[in-house]
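Residue numbers (the working numbering): 4 to 190. Cβ atoms here follow ideal geometry from the backbone N, Cα and C, with glycine treated the same way.
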C-alpha cells in the first residue's frame, strides 16, 4: 500500500497512476481498507484504470464495510447520485451516518443535509442543526455556513443573529464565498 502511495503522488519515484493502481489492487485484494478505498476512487476518476462506476461502488463498499469512514462517505455519495448502484437515499443516509458516528466532518455534514431536506430520513431541522454543529465545530466550512443560515433564519434552533454572524465569519475565513456575501449583510 505504501509503495502505491509513492507512485500515486510521485514521491521518490516518477508518478505512475497505472502502477499505483496495480499496487493498490494487490493490497485491496488482501482486505486492506485504505487500499480498497483508493481502488474505488481510481475506478471513479479513471486514474490508472478505465473509469467504471460499478467497480468504484464495489470497492468503496468493501472498504466501507471495514469501517473506513472516507469510503463510507463516498459510498453514500454513490447511493445518493445512483453512481454504480441504484439510487437509494435511505442507503445513502445510512452510509453517511456510519461515517458521522466516527466523527468524520463530511459525514456529519451530509447527515445534516439529509435531515434538512428529509432525504432518506424524516425531515428534522433540529437533527440537522445537531449534526451540522458537530461538523462546523471541526472547521468544515460548508457546515459552518449552513449552521449560520439556520441561526439567521431560526431553523432547528432559536434565531440568533450573533451566532449567525460568528458562523458566517468562520466559514468566510475558510474561503466560503456565500458566507462572505452573507457576512456583508450583517454589518
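Run through DSSP, which three-state label would residue 177 get? Coil, per DSSP.
Along the chain, which unbroken stretches of the alpha helix (DSSP H) at least 4 residues long are found entirely within the segment 89–146? With a minimum length of 4 residues, the continuous alpha helix (DSSP H) runs that stay inside the segment 89–146 are 92–104, 108–120 and 128–140.
Less than 7 Å between C-beta atoms, sequence neighbours within five positions excluded: which residues of the same chain meet that for residue 37? Excluding its 5 nearest sequence neighbours in each direction, residue 37 has C-beta neighbours in its own chain below 7 Å: 4 and 71, listed in chain order.
Do the segment 24–37 and the segment 65–79 make contact, defined as three or more Cβ pairs closer than 8 Å? Of all C-beta pairs linking the segment 24–37 to the segment 65–79, three or more are shorter than 8 Å, placing the two stretches in contact.
DSSP three-state assignment for residue 35, whether helix, strand or coil: In the structure shown, residue 35 sits in coil (DSSP, three-state: anything other than H, G, I, E or B).
May I ask you to report which of helix, strand or coil DSSP gives residue 52? Three-state result, residue 52: coil.
Express the C-alpha separation of residue 108 and residue 16 in angstroms, rounding to a whole number. C-alpha separation (whole angstroms): 33 Å.
Less than 8 Å separating the beta-carbons of residue 92 and residue 115? No, Cβ-Cβ distance for residue 92 and residue 115 is not below 8 Å.
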